[in-house]
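In the numbering used here, the protein residues as written are 64 to 349.
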């Protein structure tokens, strides 16, 4: 009998221990669930605030633009204002979102820095002569095409270079780091020497100093350089298509949709043609 009582007592202690373990596990599970729920909720609240919500809450649109490209984005040394085709497009977008084109902050980007600045949240969008490519689509999302350019060459007026066929061994071509221009010229003229600079302003200064025979980027940008210095000309030939898009963070569909709506509106109401003719000097080809 004594042994039987001891056996029952032992079973009871084991069962009690098991019940305690279940109870503790339940408590920990509940606490973890509550913590996770709170944590997820915090993250969801943070991510749920779209780019458009942040812009409206902030009261201004922050856009990455070039400061060194005549006609598209150039800082006027006299006024300190950044001016150009891309700037007018950016101001129109600010007006679309916030009702006032002046509710905008322009931050300088280069071909090398623009995607990192977008993805780390320093800017809301890139409007900086950025060519839409498949590789870039892996990092950012693009709007519809807002400008179609073609890559060409800027040379001295008396240069014998008149097209890509003249870019051979012994010829030095200048361009900007991180640009599609650098990739294209290497593919089209593999025997040429390519020197890359931080931006096109530095590349143009190097060309004027005789450090290269030609400078390559999109023809729209080269026309701006030639306008600055009449000792240079843009060759007639283009050897690529460069569709410019407005870039936003990956997955930001709401923002892309609004930008595309804005681009459709200004093309339909004639505002786009006015901006194009103002900076490029002619109406856009249909």
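Ideal Cβ placement from N, Cα and C applies to all residues, glycine included.
Everything numeric in this text was worked out from a predicted model, so none of it was measured.
query	result
Which residues DSSP lists as bridging residue 146, in chain order	137
Where residue 214 sits in the DSSP three-state scheme	strand
Neighbour-count burial assignment, residue 101, 16 or more Cβ in a 10 Å radius	A caution first: residue 101 carries a pLDDT of 36, below 50, which makes its placement in the model unreliable, though a value can still be read off. Flag for residue 101 reads exposed.
Residue range of the alpha helix (DSSP H) that includes residue 243	243-251
Sequence-distant residues of its chain with Cβ nearer than 6 Å to residue 237 (five each side left out)	258, 266, 269, 270, 275 and 278
Residue 142 burial status per 10 Å Cβ neighbour count (16 or more: buried)	exposed
Rounded separation between residue 332 and residue 151 - CA only	15 Å
Continuous beta strand (DSSP E) stretch holding residue 170: start and end	167-171
Inter-residue spacing [alpha-carbon to alpha-carbon] between residue 131 and residue 316	30 Å
Ordered list of beta strand (DSSP E) runs contained in the stretch 234-301, each at least 3 residues	235-239, 256-260, 277-281 and 295-297
In DSSP terms, what residue 305 is bridged to	212
Assigned exposure category for residue 89 - 16 Cβ within 10 Å defines buried	Residue confidence is low: residue 89 scores 44 on pLDDT, short of 50, so the model does not pin down where it sits. Its coordinate-derived value is still stated next. Classification for residue 89: exposed.
Residue 107 versus residue 231 - alpha carbon distance	The predicted position of residue 107 is uncertain, since its pLDDT is 34 and thus under 50; a value taken from the coordinates is nonetheless stated next. Taking the straight line joining both Cα atoms gives about 56 Å.
C-alpha gap between residue 175 and residue 289, whole angstroms	24 Å
Among 166, 249, 273 and 246, nearest to residue 219 - alpha-carbon criterion	273
Neighbourhood of residue 343 by C-beta, 6 Å cutoff - its chain only, sequence neighbours within 5 removed	none
C-beta contact flag for residue 256 and residue 235 at 7 Å	yes
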